[in-house]
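Structure, as structure tokens:
Protein chains: 2
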Amino acid sequence: MTKKVKITPSVAEQALIRLMRVGDRLWRESDNRFGQWGLTDNHYNVLRILNGASQPISQSEIGRKMLSSRANVTKLVDVLEQRKFVRRLACGDRRVNLVELTDEGAKFIEETLPVVIGAANEEMKPLTREEQKTLFTLLGKLLEE
Amino acid sequence: MTKKVKITPSVAEQALIRLMRVGDRLWRESDNRFGQWGLTDNHYNVLRILNGASQPISQSEIGRKMLSSRANVTKLVDVLEQRKFVRRLACGDRRVNLVELTDEGAKFIEETLPVVIGAANEEMKPLTREEQKTLFTLLGKLLEE
DNA sequence: TTAAGATAGTTTCCCTGTTGACAATTCACA
DNA sequence: TGTGAATTGTCAACAGGGAAACTATCTTAA
């Protein structure tokens with residue numbers, strides 16, 4: 028038996044580890060779910076962002092909103108465009124591509140939404156509505172710097 | 028302007044989205060931190076698991092504890108062994124490799140621990156100790172099936 | 001006006017992790 | 001006892017995402 032390091036984790040660390048664990052599990056399950064439609068979680072994320080935006084937005088803006096590299100946004104939009112869920116528009120600034128949700132993309136979101144919502148509710152079922160709210164606000168505090 | 032889908036997210040969904048966001052951020056920061064020592068978060072994870080185990084444990088056991096595929100555990104242990112942080116032992120069952128932390132591995136953990144702990148505390152600073160505890164228990168409820 | 005710097009998107013290369021196939025070994029049970 | 005099923009670790013192939021280099025374009029300031 029070799030030497031071991033005695034570690035007594037603080038509350039902060041324990042909470043942090045669980046956060047990472049839960050997050051990891053959610054990302055996996057989410058990715059599985061979207062795989063069923065030949066997409067990644069991140070692909071869907073782009074669709075949701077575009078659906079939520081009041082106007083077409085640039086790729087770099089998308090990248091900023093989802094913490095993804097510009098390079099990756101290019102790829103994501105590529106496949107979404109190939110699937111006709113999304114359209115690239117030229118605009119005044121010739122460096123930028125504005126991206127817009129197509130009707131087909133909106134239809135896709137509409138059709139898949141029940142599944143996504145159902146999964147989320149199922150996921151959070153172990154918590155009461157009140158607990159979900161506290162969780163929400165606690166996470167909010169962590170998110171703002 | 029194309030058609031949009033009207034979405035009014037439930038509390039469950041909102042909490043879930045924040046969970047994924049926070050988790051994602053923590054994994055990124057964590058990976059950055061360990062990159063400084065030429066390791067991945069997951070490499071370090073293996074070390075911590077071995078340090079916490081009372082005896083050498085098999086690779087598949089490691090994989091189970093960290094939700095990683097057997098194939099990946101092979102690679103992780105490969106580099107840790109190359110770095111002399113870890114040792115593979117034969118055992119009764121000739122299919123399995125028992126893995127054990129070396130003294131050098133323990134030393135590495137000991138030296139890097141302050142940084143890791145400091146980062147965790149910094150991360151959770153926006154929450155009071157009480158809030159950290161509630162967060163911890165709420166996540167616990169989500170983790171057990 | 002023009003030259004230096006900033007910004008957007010793409011491409012290429014690399015790293016990490018998963019899946020599936022495989023060989024070696026062990027287990028279950030007829 | 002012996003045969004089919006399960007388990008363990010490894011390898012090859014593949015997919016997703018990041019970083020850096022590159023081009024095109026725009027902005028700023030002299």
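Going line by line, the protein sequences match chains V and G. Just so we're aligned, residue 28 is where the first sequence starts under the numbering used here, counting upward by one. Just so we're aligned, residue 28 is where the second sequence starts under the numbering used here, counting upward by one. Beta carbons: idealized from backbone N, C-alpha and C, even for Gly.
Based on Cα-Cα distance, which residue from the options lies nearest to residue i?
{"i": "G:P153", "options": "V:E150, V:K30, V:A42, V:T35", "result": "V:A42"}
{"i": "G:K31", "options": "V:G50, V:V32, V:D130", "result": "V:D130"}
{"i": "V:L176", "options": "V:S95, V:D51, V:V49, V:F112", "result": "Outside the shown range of chain V, which is 28 to 172, sits residue 176 of chain V, and nothing can be said about it."}
{"i": "V:V104", "options": "V:S81, V:G132, V:C118", "result": "V:G132"}
{"i": "G:E150", "options": "G:M47, G:I44, G:W54", "result": "G:W54"}
{"i": "V:V142", "options": "V:I44, V:Y71, V:I89, V:R52", "result": "V:Y71"}
{"i": "V:F135", "options": "V:T35, V:I34, V:V73, V:D120", "result": "V:V73"}
{"i": "V:T29", "options": "G:G79, G:A117, G:K33", "result": "G:G79"}
{"i": "V:S81", "options": "G:G119, G:G167, G:K33", "result": "G:K33"}
Given a cut-off of 7 angstroms, decide if residue j and residue i are closer than it, judged by their beta-carbon atoms.
{"i": "G:E158", "j": "V:L165", "result": "yes"}
{"i": "G:M93", "j": "V:G50", "result": "no"}
{"i": "G:V100", "j": "G:G90", "result": "yes"}
{"i": "G:A146", "j": "G:R60", "result": "yes"}
Using the beta-carbon count (16 or more within 10 Å), is residue i buried or exposed?
{"i": "G:A39", "result": "buried"}
{"i": "G:R97", "result": "exposed"}
{"i": "V:P83", "result": "buried"}
{"i": "V:R75", "result": "buried"}
{"i": "G:N124", "result": "buried"}
{"i": "V:Q86", "result": "buried"}
On the premise that residue j lies in contact with residue i, defined as a C-beta separation below 8 angstroms, what is that separation, rounded to the nearest angstrom?
{"i": "V:V126", "j": "V:R115", "result": "6 angstroms"}
{"i": "V:N69", "j": "V:S37", "result": "Wrong, their Cβ atoms sit about 33 angstroms apart, outside the cutoff."}
{"i": "G:R45", "j": "V:F163", "result": "6 angstroms"}
For residue i, which residues in the same chain have their Cβ closer than 6 angstroms to its Cβ, ignoring the five residues on either side in sequence?
{"i": "G:L77", "result": "L128"}
{"i": "V:S57", "result": "D68"}
{"i": "G:E108", "result": "none"}
{"i": "V:E137", "result": "none"}
Looking only at its own chain, which residues have a Cβ that is under 7 angstroms from the Cβ of residue i, when we skip the five neighbours before and after it?
{"i": "G:W64", "result": "T139"}
Can you list, in chain order, the residues of its chain with a C-beta nearer than 8 angstroms to that of residue i? Leave out the 5 residues immediately preceding and following it.
{"i": "V:F160", "result": "The amino acid occupying residue 160 of chain V in the given sequence is Lys; Phe does not appear at that position. Cβ neighbours of V:K160 beyond the five flanking positions: none."}
{"i": "G:T35", "result": "none"}
{"i": "G:I144", "result": "none"}
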